[in-house]
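Below you'll find the structure, written out as structure tokens, and then a few comments.
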Amino acid sequence: MGRADSLQAECSCSYTSHQVPPAALNSAFRRGHGASAARHRPDRQRQARTGVIPSCRLDVRTRGDAPSSAAPQRPQHPPIPTYVKAAGRVIAIPDIHGDINKCVVSLELAGVLRQVNQRPVWCGGNTVVVQLGDVLDRGDIELGTLLMLRDLDEQARRFGGAIYVLNGNHETLTVAGNFRFATRGGMQESAKAMGVSGPALNDIVQLGMARRRMYKPGGPGAQMLAMNPTVLVVNDTLFVHGGLLPQHVDFGLQAINDAVSAWMRGEAPASSKDNAQMIAMG
């Protein structure tokens, strides 16, 4: 077995999804990304200049506004990071598509990851890494890659760094129930996370049903992805998977993140005007 094969075998073993109960997936990413609001505060002056309202919900009230007594209250969610500061290097990594080995190699080449006792360890100090989305589809280790990036993000924040994973078009395709780019291995991985075992892991219908339960709006996988931004501004550089149009900017970058995340959490219909016209993808 070569170095690349052994790396992938080790990583896939360390971050195998069937060891993670479905209910723990959302809490795991809340633990990893919920602290981002405290460590990377939005640039409120910049938001005021651009008209972006710092809200973690779809309505136009700021977080400090008192809710109407007549309106039903939604659960509170950590705000999605949109404007963050970086004191050190800023590195962008494009599509990973379920290839955890190439993800590890990319982070090693960037000088932010090293292997200690065959475990990935953050060594990038205050570097900020932006992964530009499309972790899902085309590869077999999707959840394992997301969990590894979550763990490295937790390590990075101890040193003033961070890893931000954006939502790309393959994340939204998956939440929308479009699995045509998913591999059998990727579907088996998500099925194991949903408790599927035995002969059902070789039944493509069962695999599809399990993946749908995992990633449908409000499902554990979609809730996990809802913690990630769709657009991110680090210092003065904007990162997005597929690009922005003028109407996206007019709508507001924070509002885009809020709308996408609300849809993934099952709080907004996929056919709503905001989601249909304002989601920025590739």
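Just so we're aligned, residue 1 is where the sequence shown starts under the numbering used here, counting upward by one.
Cβ coordinates follow ideal geometry from the N, Cα and C atoms, glycine included.
- In the DSSP assignment, PHE251 falls within the unbroken alpha helix (DSSP H) covering 246-251.
- Here the alpha carbons of ASN228 and MET187 stand approximately 21 Å from one another.
- Here DSSP, grouped into helix, strand and coil, assigns GLN118 to coil.
- Apart from sequence neighbours up to five positions away, the residues of its chain that approach LEU225 with a beta-carbon distance below 7 Å are ASN167, GLU171, VAL175, MET264, ordered along the chain.
- Less than 8 Å divides the Cβ of ALA182 from the Cβ of ARG211.
- Here the C-alpha atom of LEU201 lies approximately 39 Å from the C-alpha atom of ARG158.
- Spatial neighbours of VAL90 in its own chain (CB-CB distance under 6 Å, excluding positions within 5 residues in sequence) are listed in chain order as VAL128, VAL234.
- DSSP places ALA156 in the helix class (H, G or I) of the three-state scheme.
- In the structure shown, THR174 falls within a helical segment according to DSSP collapsed to helix, strand and coil.
- Here ALA87 is exposed, its C-beta having fewer than 16 other C-beta atoms within 10 Å.
- Under the criterion of beta carbons closer than 8 Å, GLU189 and ILE141 qualify as touching, at roughly 7 Å.
- Between the C-alpha atoms of ARG180 and ARG213 there is a straight-line separation of about 16 Å.
- For TRP122, same chain residues with a beta-carbon under 6 Å away, outside a window of 5 residues either side, are LEU152, GLN155, ALA156 in chain order.
- Rounded to whole angstroms, the separation of the alpha carbons of SER197 and SER261 is 30 Å.
- Using a 10 angstroms sphere on the CB of THR237, the tally of other CB atoms stays under 16, which defines it as exposed.
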